[in-house]
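Some notes on the structure that comes next.
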Amino acid sequence: MSRIIGHLDLDYFYAQVEEVENPSLKDRPVLVCVFSGRTEESGVVSTSNYKAREYGIKSGMPIAFAKRRLDGVEGTFIRMDHEKYVAYSDRVMRILRSRVDILEQAGIDEAFFDVTKKTRGDYGAATTVALELKDVILREEKLTCSIGIGPNKVVAKIASDFKKPDGLTIVRDNEAPAFLSPMSVDRIYGVGPKTAKLLEQNGLTTISELAGAPTERLEDLLGKKLGVYLHDASNGADDEPVVDRVGASQLSRMITLKHDTHDLDQVMAELLPPLRDVHERLESKNLFFRNVSAIGILRDLSIHTRSKTLETPTNEYSLLEREVNELFAALLREVGDLRRAGVRVGGLQDMVDQHSLMEFTS
Ligand code: DCP
Ligand code: CA
Ligand code: CA
Numbered sequence: 520m521s522r523i524i525g526h527l528d529l530d531y532f533y534a535q536v537e538e539v540e541n542p543s544l545k546d547r548p549v550l551v552c553v554f555s556g557r558t559e560e561s562g563v564v565s566t567s568n569y570k571a572r573e574y575g576i577k578s579g580m581p582i583a584f585a586k587r588r589l590d591g592v593e594g595t596f597i598r599m600d601h602e603k604y605v606a607y608s609d610r611v612m613r614i615l616r617s618r619v620d621i622l623e624q625a626g627i628d629e630a631f632f633d634v635t636k637k638t639r640g641d642y643g644a645a646t647t648v649a650l651e652l653k654d655v656i657l658r659e660e661k662l663t664c665s666i667g668i669g670p671n672k673v674v675a676k677i678a679s680d681f682k683k684p685d686g687l688t689i690v691r692d693n694e695a696p697a698f699l700s701p702m703s704v705d706r707i708y709g710v711g712p713k714t715a716k717l718l719e720q721n722g723l724t725t726i727s728e729l730a731g732a733p734t735e736r737l738e739d740l741l742g743k744k745l746g747v748y749l750h751d752a753s754n755g756a757d758d759e760p761v762v763d764r765v766g767a768s769q770l771s772r773m774i775t776l777k778h779d780t781h782d783l784d785q786v787m788a789e790l791l792p793p794l795r796d797v798h799e800r801l802e803s804k805n806l807f808f809r810n811v812s813a814i815g816i817l818r819d820l821s822i823h824t825r826s827k828t829l830e831t832p833t834n835e836y837s838l839l840e841r842e843v844n845e846l847f848a849a850l851l852r853e854v855g856d857l858r859r860a861g862v863r864v865g866g867l868q869d870m871v872d873q874h875s876l877m878e879f880t881s
């Protein structure tokens, strides 16, 4: 049976979350920004709503530049609040995970899913699942998203981007080559600006041109692995599995400190709620952690990290707190005042696996 794979991507994610929390924003341009703090206007646009995009606003654009683009129209500029978006993201992922066979989170606002079993390989049933996912996310979180359904990850990812916002694009197995051929090569997952440029310099701009190029030529240009992958992908073939990465994943929380500080006790005091939150999340998911990191962001926005790998995975709170304390002590010996502080646990693994492993080895 051929697979049925989906890709879901939330629409104008950070800006949409801000609209959800303040619906009066909806009809005007909303720009979520990272302010670097030098002057009132220094920093970049992280993302914007579709109203703002009508004026040519793009992610990564300097704020001052975006203001000029708006040309006198009143926009709302909002400071990026990463923790808030992570909380929405976590809830959306939880909604999805319970409704598909396998979920693979691929970014803060996107995930691949496999529904082959659930739909018994039937695209009609997959359409129903996709509509249901859109519906639940809208009902429970007030967020719209775009979904692509196809025979593999490459096609699903391109399909979710095909109609945005609030789109649903279904590409059946036999429709994949025709769907892909007119698109530019950079739509393929894994083709960044550098690869795209190299391909273009070699006369390969569209996916159909790429699909027609002999594999050996692509291998010469890009190396064996990427060459073979792109040959297959451009022909609509891709057998990358959807994998639940929970076991390899990490969990983090960042906070902005009340005042920039170099005081370890102050940092730890403010970090207690996020630390407890991280620990609760681990417990609720029955996970042990293996790595701990302390993250500090300074006034100039430079990011500094200290990490430690434990000898054995654990879920013990007191140990987590102690390790984080030590890591911050080390970090503060080397950097100046912290503006933001955070903690990350990684090497997460299922307690069930852990127990069975211990039974096995003892
Ligand atoms: N993001 C960012 N800086 C970028 C690109 C993205 O900070 N250069 C953040 C803000 C986005 C989020 O990541 O909301 C998700 O990125 P997407 O590329 O999925 O873009 P959006 O969700 O904002 O818009 P779209 O509706 O096109 O998916
Ligand atoms: Ca998105
Ligand atoms: Ca995305």
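Quick note, the sequence shown lines up with residues 520 to 881 if you use the working numbering.
Yeah, the Cβ is synthetic: ideal placement off N, Cα and C, and Gly gets one too.
On a predicted model such as this, the values are computed, not experimentally measured, just so you know.
A straight-line Cα-Cα distance of about 31 Å links L776 and D528. DSSP, read as helix, strand or coil, puts Q868 in strand. Shown here for M612: same chain residues with a beta carbon closer than 8 Å to its own, the five before and five after excluded, namely L622, Q624 and A630 in chain order. Straight through space, the alpha carbons of S700 and L806 are spaced by roughly 44 Å. The alpha-carbon separation between L741 and H750 amounts to approximately 11 Å. Counting C-beta pairs with one atom in each stretch, the stretch 811-827 and the stretch 855-863 have three or more that are closer than 8 Å, which means they touch. Using a Cβ distance threshold of 9 Å, L589 and T646 do not count as a contacting pair.
Of the heavy atoms belonging to ligand 2, none sits nearer than 8 Å to the Cβ of Y604. Shortest Cα-Cα distance from I666 to any of D654, E593, T734 and E660 involves D654. In the structure shown, V551 falls within a strand segment according to DSSP collapsed to helix, strand and coil.
The beta carbon of N834 lies closer than 8 Å to those of H798, L801, E802, L806, F807, F808 and M870 in the same chain, with the five residues before and after it left out. Relative to ligand 3, G626 has its C-beta within less than 8 Å of a heavy atom. A contact is defined here as three or more CB-CB pairs under 8 Å, and the stretch 539-559 meets this definition with respect to the stretch 589-598.
Between ligand 3 and the CB of E629, the shortest heavy atom gap is smaller than 8 Å. Within the same chain, Cβ atoms closer than 6 Å to the Cβ of S561 are found at S555, the five residues on either side in sequence being excluded.
In the structure shown, Q720 adopts helical secondary structure according to DSSP, grouped into three states. Within the stretch 556-614, the beta strand (DSSP E) runs of at least 3 residues that lie entirely inside it are, in chain order, 562-567 and 595-598.
L850 and H823 do touch by the CB rule: their CB atoms are close to 6 Å apart, below 8 Å. DSSP places N671 in the coil class of the three-state scheme, outside both helix and strand.
DSSP lists Q868 as the bridge partner or partners of F807. Taking the Cα positions, K637 is about 22 Å away from R658. Per DSSP, T725 lies in no alpha helix (DSSP H) segment and is marked neither H nor E.
For V710, the shortest C-beta to heavy atom distance toward ligand 1 is 8 Å or greater.
For V862, the three-state secondary structure derived from DSSP is strand. Taking 9 Å as the cut-off, the beta carbon of I774 is found no closer than this to the beta carbon of D641. Here the distance from the Cβ of T824 to the nearest heavy atom of ligand 1 is not below 8 Å. Assignment of E835 by DSSP, reduced to helix, strand and coil, places it in the coil class. Distances from the alpha-carbon of G525 to those of S578, E759, T714 and T566 put E759 closest. Under the DSSP assignment, D779 falls outside any alpha helix (DSSP H), being part of the beta strand (DSSP E) whose first and last residues are L770 to T780. Annotation: A756 is outside any beta strand (DSSP E) and is labelled neither H nor E by DSSP. As computed with DSSP, Q624 is found in a beta bridge with A630.
Where T646 is concerned, there is no enclosing beta strand (DSSP E), although the alpha helix (DSSP H) around it starts and stops at Y642 to E660.
Taking V690 as the centre and dropping the five residues before and after it, the same chain places the C-beta of G669, V674, A678 and F698 closer than 6 Å to its C-beta, in chain order.
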